[in-house]
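A.B. asks: Residue numbers (this note's numbering), protein chains in the order written: chain P, 695 to 1097; chain S, 695 to 1097. The C-beta atom is built at its ideal place from N, Cα and C for all residues, glycine as well. Handing you a structure now.
Below, the structure is given as structure tokens:
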């Protein structure tokens, strides 16, 4: 078997942890497997480097920031190769140039285009564990790039695809994917399997286990992922195309407090109004979610939508700036203390009634719904932030997810 | 003009110093010059990285050590490019892969073979200051290598040669090359010019301003060097093929306390004895200096030589191990408290009497000479270490070097 294993910065934060990771890799190696390890920068090293850059130039170019940040993973992989070697297993570390990992030119947020596999296969065939820098790539100018948030996960999945790996294991500090955040819903249960689509909905809802880009790439290339803990040997959660089990009606409840709700009232009811509104926001990199448009009354209409809380200020400024020119409206309201609660499940496509059951649970718990949005495999409601935990608990129970 | 400027780790040890270096580079840039900057790792960063490696694996492979150490210069160059940019001058940092700097395969002590200049010329032609990592290269396996001691100087000289630079400036924490170490001989005077050969003799005698490899490379490619201070704007010392001035009889006095003297007495007087002795030492990486062989008496002979003090133990063990097998001798004596004092000058080739004048000065100062060695442009004596300062002072005065 060829196994790609990815460990985050916390897992390689100090010498002791580096050796823990090394030992896990050696277990697989000694069973005769070929092992590729993808690493992030150690602990808070990326933040340390960013602080150094900030001291020199708060507006440093992304090109030079990437040049600086890529030293972080190179340090991790060199130390890991030394650790493996000291445990008697031949190993070699490789950076983005050595692999090579070809990306688009976008510094700070590049996308992987192509991975050369010759060097890695050569090293694997020589029975070495290959330790590869996550998060980084090189572009057509032979400059370093970085892959943005969740970049190392993406590196691991892309490598698994390019190498035709038999397994791709993403190690994290939780045991796998849960039916809900265990800190919010104590009876939350670890899922043994989940589909790519469910994982995508959960990731976009802030479940935080895997970044969307890595799941999208895994789905596209059919790479079966395992999300598991680097702290224990529990089995983790398999992310794959189709669950072997009967499709679960609902596989999980997700919550997200990083939300602000906008209400733009009294807009003219004519073509192009919604287009202009969201065009202005897009021009300022504001991602918009959960859009609803009211029916017309008295020749005007209202549009409500949500943004992430950190973008609320930018969104508000943008709307105010255009209020009296291209965007004529009567009133702009912003509500910050709201949260999203969602149920996700591939089974709901063929099972009506999921939304109704969710709304009933919330009604029974006395929680008011401010806004609703749905996809084929998800139902999301917007509620007052203070009820987030109660809502998650109520919905989790209603679908008997603890069982 | 195309100018290559090299700054050591101390010169880029913190943000303030990085900006000082940046400003010096910008002065040249704003006069219309093309500027290439070669940097070492910041301050003690290389030692920090070596300590990290030691903690993980005290016997880490040189290949992985180089992978780790090369992050040091990459950090420096990225931060320098950010600093230049923040001062309004476009800059780009390049590592050994990006240049590319091709070396031999020897990890930890590679030699530069070839430098591609296309990328650097492209960036210079676009009026950018190009900031290049010193000390590092890549070998035919596409692995990082490092150039060993004084590596960044070598990078700068090699770049100057490859780019056909008009000037190569090596910045250091002293004002230039002096007639003697000013800490030992207060009246020591800064030289405005010195030949490559004189610089080579001084470097090998521990003057410590430039590493031999960089001077050898400068001589080979006819690169005129300037050694000057990064702390002030004093003119420094030009290192070149021929001094414009009348060749100085003696240009400097060098001292070196890192010496131990071996006396191997009562060796059989037959062919191959000296060969075996030094072969054993070479096999253990012991560099031998100042060899003298006595004339025969009673069928045996003595051999004396010096080694650097840190290799004395290895040398002693090596000799003792072979004492009763391939190396039959009566006695091995080691003296550690000795020092070398040398006069160096390209003019002495055509001027006899330099050695005699030096010996006279030492005799007048009551200092006994233990051993003598000479080259075409150098006379070295071995004396008791405690007389080092007195000897340097006496010789410096005898040749009127303060004038």
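Got a sec, what are the start and stop residues for the beta strand (DSSP E) residue 1067 of chain P sits in?
C.D. replies: By one-based count along the first chain, residue 1067 of chain P stands at place 373. Per DSSP, residue 1067 of chain P belongs to the beta strand (DSSP E) from 1065-1069.
A.B. asks: Which stretch, first to last residue, makes up the beta strand (DSSP E) that contains residue 935 of chain P?
C.D. replies: One-based indexing of the first chain puts residue 935 of chain P at position 241. Run containing residue 935 of chain P: none; DSSP gives neither H nor E here.
A.B. asks: Candidates S/956, S/960, S/890, S/718: which alpha carbon is nearest residue 1064 of chain S's?
C.D. replies: As a position in the second chain, residue 1064 of chain S is number 370, starting the count at 1. Cα-wise, what sits closest to residue 1064 of chain S is S/956.
A.B. asks: Taking only three categories from DSSP, how would you classify residue 719 of chain P?
C.D. replies: For the purposes of this step, residue 719 of chain P is identified with residue 25 of the first chain, where counting begins at 1. Reduced to three states, the DSSP call for residue 719 of chain P is helix.
A.B. asks: How would you write the range of the alpha helix (DSSP H) that residue 815 of chain P sits in, first residue to last?
C.D. replies: Here residue 815 of chain P refers to the residue found at position 121 of the first chain. Its alpha helix (DSSP H) spans residues 812-819.
A.B. asks: With respect to the alpha helix (DSSP H) encompassing residue 969 of chain P, which residues constitute its N-terminal and C-terminal limits?
C.D. replies: In the first chain, counting from the first residue as 1, residue 969 of chain P sits at position 275. Unbroken alpha helix (DSSP H) run through residue 969 of chain P: 967-977.
A.B. asks: Tell me which residues of the region 777-804 of chain S have at least one Cβ-Cβ distance to chain P shorter than 7 Å, keeping chain order.
C.D. replies: If the cut-off is 7 Å between Cβ atoms, the region 777-804 of chain S has 777, 779, 780, 787, 791, 792 near chain P.
A.B. asks: Leaving aside the five residues before and after residue 795 of chain S along the sequence, list all residues of the same chain whose C-beta is less than 6 Å from its C-beta, in chain order.
C.D. replies: As a first step, residue 795 of chain S is located in the second chain; it is residue number 101 there, counting from the start. Excluding sequence neighbours, residue 795 of chain S sits near 809, 831.
A.B. asks: Using 8 Å as the cut-off, can you tell me whether the region 1017-1030 of chain P makes contact with the region 866-880 of chain P, which would need three or more C-beta pairs spanning the two stretches below that distance?
C.D. replies: Segments in contact, no.
A.B. asks: Determine contact between the region 924-933 of chain S and the region 848-858 of chain S, defined as no fewer than three beta-carbon pairs at a distance below 8 Å.
C.D. replies: Verdict: no, contact absent.
A.B. asks: Roughly how many whole angstroms lie between the Cα atoms of residue 1071 of chain P and residue 815 of chain S?
C.D. replies: Taking the first residue of the first chain as position 1, residue 1071 of chain P is located at position 377. Taking the first residue of the second chain as position 1, residue 815 of chain S is located at position 121. The alpha-carbon atoms of residue 1071 of chain P and residue 815 of chain S are separated by roughly 56 Å.
A.B. asks: For residue 733 of chain P, tell me which candidate among P/805, P/827, P/841, P/799 has the shortest Cα-Cα distance.
C.D. replies: In the first chain, the residue the question calls residue 733 of chain P occupies position 39. The residue with the shortest Cα to Cα distance from residue 733 of chain P is P/827.
A.B. asks: Roughly how many angstroms lie between the CA atoms of residue 980 of chain S and residue 821 of chain S, to the nearest whole one?
C.D. replies: The residue you call residue 980 of chain S lines up with position 286 of the second chain. The residue you call residue 821 of chain S lines up with position 127 of the second chain. Each residue's Cα considered, the two are about 48 Å apart.
A.B. asks: Is it buried or exposed, residue 835 of chain S, if we count other Cβ atoms within 10 angstroms and call 16 or more buried?
C.D. replies: Counting from one through the second chain, the residue named residue 835 of chain S turns up at place 141. Under this definition residue 835 of chain S is an exposed residue.
A.B. asks: Starting from residue 699 of chain P, follow the beta strand (DSSP E) in both directions and report where the run begins and ends.
C.D. replies: The residue you call residue 699 of chain P lines up with position 5 of the first chain. Looking at the DSSP string, the run of the beta strand (DSSP E) that includes residue 699 of chain P is 696-701.
A.B. asks: Got a sec? Which residues, its chain only, sit under 6 Å from residue 1090 of chain P by beta carbon, not counting five neighbours each side?
C.D. replies: One-based indexing of the first chain puts residue 1090 of chain P at position 396. Around residue 1090 of chain P: 874, 879, 947.
A.B. asks: Check residue 997 of chain P in the structure and name its three-state DSSP category.
C.D. replies: Position 303 of the first chain, counted from the first residue, corresponds to residue 997 of chain P. In this structure, residue 997 of chain P counts as strand in the three-state DSSP scheme.
A.B. asks: Flag residue 750 of chain S as yes if its beta-carbon sits less than 7 Å from any beta-carbon of chain P, otherwise no.
C.D. replies: In the second chain, residue 750 of chain S corresponds to position 56, counting from 1. At least one chain P Cβ lies under 7 Å of residue 750 of chain S.
A.B. asks: I need the boundaries of the alpha helix (DSSP H) containing residue 760 of chain P, first residue and last residue.
C.D. replies: As a first step, residue 760 of chain P must be located in the first chain, where it is residue number 66. Its alpha helix (DSSP H) spans residues 756-780.
A.B. asks: Looking only at its own chain, which residues have a Cβ that is under 6 Å from the Cβ of residue 772 of chain P, when we skip the five neighbours before and after it?
C.D. replies: Your numbering for residue 772 of chain P matches position 78 in the first chain. If we look at residue 772 of chain P and ignore the five residues flanking it on each side, its Cβ neighbours are 787.
A.B. asks: Grouping DSSP H, G and I as helix and E and B as strand, with all else coil, what is residue 1024 of chain S?
C.D. replies: Translated into the one-based positions of the second chain, residue 1024 of chain S becomes position 330. Here residue 1024 of chain S sits in coil by DSSP.
A.B. asks: Under the three-state reduction of DSSP, which class applies to residue 1104 of chain P: helix, strand or coil?
C.D. replies: This structure gives no information on residue 1104 of chain P, because the portion of chain P shown stretches from 695 to 1097.
A.B. asks: Do three or more CB pairs link the region 703-720 of chain S to the region 900-918 of chain P at distances below 8 Å?
C.D. replies: In short, these stretches do not touch, since the Cβ pair count stays below three.
A.B. asks: Identify, in the order they occur along the chain, each residue of the same chain with its Cβ nearer than 8 Å to the Cβ of residue 774 of chain P, setting aside the five sequence neighbours on each side.
C.D. replies: Reading the first chain from its first residue, position 80 is the one you call residue 774 of chain P. Same-chain partners within the cutoff: 706, 712, 715, 716, 731, 733, 785, 787, 825.
A.B. asks: Below 7 Å between beta carbons: does that hold for residue 761 of chain S and residue 727 of chain S?
C.D. replies: In the second chain, residue 761 of chain S corresponds to position 67, counting from 1. In the second chain, residue 727 of chain S corresponds to position 33, counting from 1. No.
A.B. asks: Just reading off the alpha helix (DSSP H) that residue 1016 of chain S is part of, what are its end residues?
C.D. replies: Counting from one through the second chain, the residue named residue 1016 of chain S turns up at place 322. Element bounds for residue 1016 of chain S: 1006-1016.
A.B. asks: Can you pull the chain S residues whose beta carbon is under 9 Å from the beta carbon of residue 986 of chain P, in chain order?
C.D. replies: Here residue 986 of chain P refers to the residue found at position 292 of the first chain. Simply none; closest approach about 45 Å.
A.B. asks: With three or more beta-carbon pairs closer than 8 Å as the criterion, would you say the region 959-967 of chain S touches the region 995-1003 of chain S?
C.D. replies: Yes: at least three Cβ pairs fall under 8 Å.
A.B. asks: Taking the CB atoms as reference points, tell me whether residue 1055 of chain P and residue 1088 of chain P lie closer together than 7 Å.
C.D. replies: Taking the first chain and counting its residues from 1, the one referred to as residue 1055 of chain P is at position 361. Taking the first chain and counting its residues from 1, the one referred to as residue 1088 of chain P is at position 394. Yes, they are a contact pair.
A.B. asks: Which residues of the region 745-769 of chain P have a Cβ closer than 9 Å to any Cβ of chain S? Give them in chain order.
C.D. replies: Cβ contacts with chain S come from 746, 747, 749, 750, 751, 752, 753, 754, 755, 757, 758, 759, 760, 761, 762, 763, 764, 765, 766, 768, 769.
A.B. asks: Check whether the Cβ atoms of residue 776 of chain P and residue 754 of chain S lie closer than 7 Å to each other.
C.D. replies: Position 82 of the first chain holds residue 776 of chain P. Position 60 of the second chain holds residue 754 of chain S. It is a contact, given that the beta carbons lie within the stated cut-off.
A.B. asks: Under DSSP, the beta strand (DSSP E) around residue 807 of chain S begins and ends at which residues?
C.D. replies: Sequence index remark: in the second chain, residue 807 of chain S carries index 113 (1-based). Segment 806-809, the beta strand (DSSP E) holding residue 807 of chain S.
A.B. asks: Name, going along the chain, the residues of the region 833-862 of chain S whose beta-carbon falls closer than 8 Å to a beta-carbon of chain P.
C.D. replies: Cβ contacts with chain P: 836, 837.
A.B. asks: Thinking C-beta only, is residue 840 of chain P closer than 7 Å to residue 763 of chain P?
C.D. replies: Within the first chain, residue 763 of chain P is the residue found at index 69, counting from 1. Within the first chain, residue 840 of chain P is the residue found at index 146, counting from 1. Contact: yes.
A.B. asks: Since residue 904 of chain S and residue 852 of chain S are thought to touch, with beta carbons under 8 Å apart, how far apart are those beta carbons, to the nearest angstrom?
C.D. replies: Taking the first residue of the second chain as 1, we reach residue 904 of chain S at position 210. Taking the first residue of the second chain as 1, we reach residue 852 of chain S at position 158. About 14 Å; that fails the 8 Å criterion.
A.B. asks: Based on Cα-Cα distance, which residue from P/985, P/1002, P/829 lies nearest to residue 1068 of chain P?
C.D. replies: Within the first chain, numbered from 1, the residue matching residue 1068 of chain P stands at position 374. Nearest C-alpha to residue 1068 of chain P: P/985.
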